[in-house]
Amino acid sequence: MSYCNVKIKINGEVIEKEVESRWLLSDFLRDKLGLTGTHVGCEHGVCGACTVLLNGEPVRSCLMLAVQADGLEVETVESLAEEDGTFHPIQQAFANNHALQCGFCTPGFLMSVKNFMETHPDLPTDDEIREAISGNLCRCTGYSNIIKAVKEAYVLKC
Amino acid sequence: MKPPKFSYLRPNSLQEALDMLAEYGDDAKIMSGGQSLIPLLNMRLSTPGYIIDIGRVEELKGIREEEDVIVIGGMTRHVDVEKSALVREKCPLLTEGITWVGHNQIRSRGTIGGSIAHADPSAELPCMLTALRGEIVIMSREEEITVSPEEFFLSYLLTSLEPNQLIKEIRFPKIKKGSGYAFEEVARRHGDFALVEVAAVVELEADGTIADAKIALGGANSVPFIPEAVEGFLIGKMPDDSILKEAATLQLGDLDPEGDIHGSKEYRRYLSGVLLERALYKAIARAREGVFV
Chain D
1 MSYCNVKIKI NGEVIEKEVE SRWLLSDFLR DKLGLTGTHV GCEHGVCGAC TVLLNGEPVR
61 SCLMLAVQAD GLEVETVESL AEEDGTFHPI QQAFANNHAL QCGFCTPGFL MSVKNFMETH
121 PDLPTDDEIR EAISGNLCRC TGYSNIIKAV KEAYVLKC
Chain Z
159 MKPPKFSYLR PNSLQEALDM LAEYGDDAKI MSGGQSLIPL LNMRLSTPGY IIDIGRVEEL
219 KGIREEEDVI VIGGMTRHVD VEKSALVREK CPLLTEGITW VGHNQIRSRG TIGGSIAHAD
279 PSAELPCMLT ALRGEIVIMS REEEITVSPE EFFLSYLLTS LEPNQLIKEI RFPKIKKGSG
339 YAFEEVARRH GDFALVEVAA VVELEADGTI ADAKIALGGA NSVPFIPEAV EGFLIGKMPD
399 DSILKEAATL QLGDLDPEGD IHGSKEYRRY LSGVLLERAL YKAIARAREG VFV
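Line by line, the protein sequences are chains D and Z.
Here the first sequence stands for residues 1 to 158, numbered as in the working numbering.
Here the second sequence stands for residues 159 to 451, numbered as in the working numbering.
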């Protein structure tokens, strides 16, 4: 079947839609649902900008078909901030530490870091943070401020 | 960079998957985690008429223990192997090597069967499976067969899998008492494809001589390479620095790595010797200490 009906819980809301089977999850989120926070960089699984959480685990949304997410739960960067715009502690820490410049890669970093913090509740070492963000590329800032931000996020969330 | 049109099929059982393969096999591709297939689709290097997504076939998932082997279902994800206490205890080479597979975003989707079936010569799973002398269990609607890595891997991205077959499970021999293991790799950046990788398992006699050595190199050849002369040379030897150095250079002439922008042929051949020596050192040290992780 070239078209399929899917039911996906996206940022807490159940979405039922007909999708073309060849649509990537990243394109579905951006073009069909208007969730343009998920950025598409390389489209072959190298840059990590399109990282979202699938059932709580980080995945590259450009390496998944939308139809594969049928029945599952997806979280995008739009789920982080409060409704009134108050930043999530990870976002606040990135802002405080100049951990972004152009911001293109940032949604992917934020989602990777969210999963990392959930799975590593204790303050990690620099090496552990480097390993956690190794699947995300940033071409502006370098990574020092991102590492600083991750550490501050651990403080802010308390 | 968007996949071409295809018909999407999602079997809910192994039987259903095998029936679909029997019907559409010639024009179908199996999708497990999709971490290699979707880039191929995105770049239009592969344009199958049908995608058979085995992601919901529960019979193909899971890790279980038999007498001498750990059996891992083809649809089991890297992350599940990485976190498995059973694998860490009984087949620790896999635990060590699997962290080199891509990044955690890749390992949370990519599967063991998918990596084996894709047969990238620099991928970690084919190399470790070859070093361990494991087996691949293949199914079609008609039959189930078990093949060795040497029978399975034919060349770059080419395996003995027929269009109507899929990988049911992979059998990884458990580590034996008195053995040590090591996985060594050099990649341009962590998570990139290996320039060269070496997996080794060494078994020592009670007196410290080498009882058995099983080794495979990846990235240095079109299929995982077993350095038979090195293995033969090591058996019965009391390992010391000079023996290991000699062993590591023994078979370099047989290697035929492809040079590319990431590393020349000569560099990969040189690296093969360096990593082989390091892997042997580490495996022997672990065997001596009886330390498995």
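For each residue, glycine too, the CB sits at the ideal point set by N, CA and C.
None of these values were measured; they are calculated from a predicted model.
- Here the segment 352–362 of chain Z makes no contact with the segment 313–329 of chain Z; the two share fewer than three CB pairs at distances below 8 Å.
- DSSP places Z:G421 within a strand segment (E or B) once states are collapsed to three.
- In the pairwise beta carbon analysis, the segment 147–156 of chain D is classified as touching the segment 87–101 of chain D: at least three pairs are separated by under 8 Å.
- About 5 Å separates the CB atoms of Z:G231 and Z:L218; that is less than 8 Å, so the two are in contact.
- As the crow flies, the alpha-carbon of Z:R214 is around 11 Å from that of Z:M189.
- Per DSSP, reduced to three states, the secondary structure at D:C4 is strand.
- One finds Q263 in chain Z with Cβ atoms closer than 9 Å to the Cβ of D:T51, taken in chain order.
- Residues of the segment 326–352 of chain Z with a C-beta less than 7 Å from any C-beta of chain D: H348, G349, listed in chain order.
- For Z:I325, the enclosing beta strand (DSSP E) has its first and last residue at 324–331.
- Taking a C-beta distance under 9 Å as the contact criterion, Z:R329 and Z:V245 do not qualify as a contact pair.
- Contact check for D:F94 and D:T106: beta-carbon distance about 7 Å, within the 8 Å limit, so the pair qualifies.
- Straight across, the Cα-Cα distance linking Z:A186 with D:S2 is about 14 Å.
- In this structure, Z:K395 is the residue among Z:K395, Z:P382, Z:D412 with its C-alpha nearest to the C-alpha of Z:A369.
- Cβ contact annotation for Z:R235 (same chain, cutoff 6 Å, sequence separation greater than five): T269, in chain order.
- Each of D:Y143, D:E43, D:P121 was checked against the Cα of Z:M159, and the nearest Cα belongs to D:E43.
- Between the segment 43–54 of chain D and the segment 107–123 of chain D there are three or more inter-stretch CB-CB distances shorter than 8 Å, so the stretches are counted as touching.
- Burial is judged here by how many other beta carbons sit within 10 angstroms of a residue's own beta carbon; Z:Y314 has fewer than 16 and is exposed.
- Residues of the segment 61–89 of chain D with a Cβ closer than 9 Å to any Cβ of chain Z, in chain order: C62, L63, M64, L65, V67, Q68, D70, G71.
- For Z:P169, none of the residues of chain D pass the 9 Å Cβ criterion, the least Cβ distance being about 13 Å.
- With fewer than 16 other Cβ atoms from the protein chains shown falling within 10 Å of its own Cβ, Z:A243 counts as exposed.
- Identification of chain D residues near Z:D211 by a Cβ-Cβ cut-off of 7 Å yields Q68, ordered along the chain.
- Contacts with chain Z at 9 Å (Cβ-Cβ) include D:L54.
- At least one C-beta of chain D is nearer than 9 Å to the C-beta of Z:P197.
- By the Cβ rule, the segment 372–391 of chain Z counts as touching the segment 284–292 of chain Z, because three or more pairs are nearer than 8 Å.
- Note: D:K17 is bridge-paired with D:V6 in the DSSP secondary-structure output.
- In the three-state reduction of the DSSP assignment, D:T106 falls in the helix class.
- Not a single CB atom of chain Z sits nearer than 9 Å to the CB of D:V113.
- Listed in chain order, the non-local C-beta contacts of Z:E435 below 8 Å within the same chain comprise L402, K403, A405, A406, local neighbours out to five positions each way being set aside.
- A straight line joining the alpha-carbon of Z:I303 with that of Z:D177 spans about 17 Å.
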